[in-house]
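Undergrad:
Residue numbers (full-length UniProt numbering): 1 to 429.
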């Protein structure tokens, strides 16, 4: 028998104005974000996915690691960026087209941030396809997207809170106040309450708009949100497709604008970040700045790589990793500096397959890169290195790098946490 919360989450929807919702447009969410120093609650830190935190570790060495095989079920599959909240690090193993859910059970693990001891592990036989996000406070609930289209909410003790059947392979959700936004592989954007109630689903853009057939699957990225609304990006799987569609919605699900960006090589969108003046998007190897109110292009920067990872933004610059790490002016996209990637050899991959594709967190005038940091003003190395560090014995991500960014590190004022293809979940402090 379904619980009350499951019945609520799976309740019927009505079509109104191009948006499927429950009883008309819901009110705009209360979205105060307190900018925690001891937590990193979503993949992009804040709802805008700026990756800009108020504090980060001044230096560090490996403090602890939890191997992938030591968990039950093991942390197999593709790795998503971890999140940190309530003194725990949450990590997932994702099902993908390369790691089918019938091959393994997707885990969600809670690891004590201080000691590295495993608090609990929950398995999802139908597969997880999105990384975790924490919504709510003291303690919050952990929300993850399912390969089968189910959005799962798990309490801080590992107990199931609710499950919402949304349909389509779900990506990583964004928490915006008491609301969650998540994209699905069938080309839809969903808004869900923190109690699992379905608020609205934006209709899949038409075939001509999305540049795919009506039943074709699409690649997605994590949506981002601000007080104006929510932003999403979609692209088809097929390599011959060379466009990514970026859409802006209001918080009731009404579309504000649509922009098509050049996505050479058919790459999926690397990521989005939004500020008070612009929406930043990485598509293929190009960084775009769009007007957040209209979607019109302001500038673009071509990295020369086939792919670029999610951008991060502070008050002056946009940071993005590709083959190299670039710092760009927020105003006009002019390159301010770059960290040249010497691409240390790997025992199982060509040196050119170790790019800086992770989202680079920013705090205290530092940009965190792999297991070190560089100066945000000029890119000079502050601590850590590439050629001789322990974690460079293997790639950060098991899939080919051009498919997805490598699992991005996250930071608190005390430590950096990351998921690693060979070393599992790692704390650097």
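Don't be surprised by glycine CBs; every beta carbon is placed ideally from N, CA and C.
All values derive from a computational prediction rather than experimental measurement.
Do you know how far the Cα of residue 369 is from the Cα of residue 318?
TA: 14 Å
Undergrad: For the region 72 to 137, which segments carrying the beta strand (DSSP E) assignment without a break, of at least 3 residues, lie completely within its bounds, in sequence order?
TA: 83 to 85, 88 to 94, 106 to 112, 118 to 124 and 133 to 135
Undergrad: Do you know how far the Cα of residue 79 is from the Cα of residue 101?
TA: The straight-line gap from Cα to Cα measures roughly 14 Å.
Undergrad: Beta carbon of residue 172, beta carbon of residue 43: below 7 Å?
TA: yes
Undergrad: Return the residue from the list 334, 380 and 62 that minimises the CA-CA distance to residue 340.
TA: 380
Undergrad: Rank 224, 300, 251 and 182 by C-alpha distance to the C-alpha of residue 286 and give the top, closest one.
TA: Considering only alpha carbons, the answer is 300.
Undergrad: Is the separation between the beta-carbon of residue 247 and that of residue 283 shorter than 7 Å?
TA: It is not a contact, given that the beta carbons lie outside the stated cut-off.
Undergrad: Which residues bound the beta strand (DSSP E) around residue 149?
TA: Segment: none, residue 149 is in no beta strand (DSSP E) and carries neither H nor E.
Undergrad: Along the chain, which unbroken stretches of the beta strand (DSSP E) at least 3 residues long are found entirely within the UniProt domain "Pyrrolo-quinoline quinone repeat" (246 to 384)?
TA: 255 to 262, 269 to 274, 278 to 283, 286 to 291, 297 to 302, 317 to 321, 325 to 329, 335 to 339, 366 to 369, 372 to 375 and 381 to 383
Undergrad: Buried or exposed: residue 156, going by 16 or more other Cβ atoms within 10 Å of its Cβ?
TA: buried
Undergrad: Cutting at 7 Å between CB atoms, please list the residues of its own chain near residue 185, excluding the five before and the five after it.
TA: 168, 169, 217, 218 and 220
Undergrad: Please confirm whether residue 308 and residue 327 have their CB atoms less than 7 Å apart.
TA: no
Undergrad: Could you give the C-beta distance for residue 85 and residue 39, rounded to a whole number, given that I count them as a contact under 8 Å?
TA: Yes, residue 85 and residue 39 are in contact; Cβ-Cβ is about 5 Å, under 8 Å.
Undergrad: In whole angstroms, what separates the C-alpha of residue 32 from that of residue 361?
TA: 21 Å
Undergrad: Among 58, 34 and 47, which one has its Cα closest to the Cα of residue 414?
TA: 58
Undergrad: Within this structure, are the beta carbons of residue 81 and residue 407 separated by less than 7 Å?
TA: yes
Undergrad: Do you know how far the Cα of residue 49 is from the Cα of residue 312?
TA: Rounded to whole angstroms, residue 312 to residue 49 spans 7 Å at the Cα level.
Undergrad: So the beta strand (DSSP E) residue 199 belongs to, where does it begin and stop?
TA: 198 to 202
Undergrad: What's the gap between the Cα of residue 320 and the Cα of residue 143?
TA: 27 Å
Undergrad: Hey, out of 130, 231 and 160, whose CA is closest to residue 121's CA?
TA: 160
Undergrad: Is it buried or exposed, residue 296, if we count other Cβ atoms within 10 angstroms and call 16 or more buried?
TA: exposed
Undergrad: Let me know the secondary structure DSSP gives residue 69 once reduced to three states.
TA: helix
Undergrad: Would residue 107 be called buried (16 or more neighbouring beta carbons within 10 Å of its own) or exposed?
TA: buried
Undergrad: Could you give the DSSP three-state label for residue 30: helix, strand or coil?
TA: coil
Undergrad: Excluding five sequence neighbours on each side, which residues of the same chain lie with their C-beta closer than 7 Å to the C-beta of residue 378?
TA: 337
Undergrad: How about residue 426 and residue 60: do their beta carbons lie closer than 7 Å?
TA: no
Undergrad: Who are the Cβ neighbours of residue 424 in its own chain at under 7 Å, not counting the five residues just before and after it?
TA: The residues are 65, 66, 67, 68 and 75.
Undergrad: Could you tell me if residue 117 is buried or exposed, where buried requires 16 or more neighbouring beta carbons within 10 angstroms of its beta carbon?
TA: exposed
Undergrad: Among 417, 134 and 366, which has the Cα closest to the Cα of residue 46?
TA: 134
Undergrad: My output table needs one value for residue 166: the three-state DSSP class, helix, strand or coil.
TA: In the structure shown, residue 166 falls within a coil segment according to DSSP collapsed to helix, strand and coil.
Undergrad: Please name the residue, chosen from 244, 154, 231 and 243, that lies closest to residue 485 on a Cα-to-Cα basis.
TA: Only positions 1 to 429 of the chain appear in the structure, and residue 485 is not among them; the question remains open.
Undergrad: Please report the distance separating the alpha-carbon of residue 104 from that of residue 71.
TA: Their Cα atoms are separated by approximately 13 Å.
Undergrad: For residue 325, which option in 333, 359 and 292 has the closest C-alpha, if you only look at C-alpha atoms?
TA: 359
Undergrad: Can you tell me whether residue 294 is buried or exposed? The criterion is at least 16 other CB atoms within 10 Å of its CB, across all chains shown.
TA: exposed
Undergrad: Does residue 388 come out as helix, strand or coil in the three-state DSSP assignment?
TA: Note that residue 388 has pLDDT 38, beneath the 50 cutoff, so the model's placement of it is unreliable and no number is given.
Undergrad: If you drop the 5 nearest sequence neighbours on each side, which residues of the same chain put their C-beta closer than 6 Å to that of residue 87?
TA: 113
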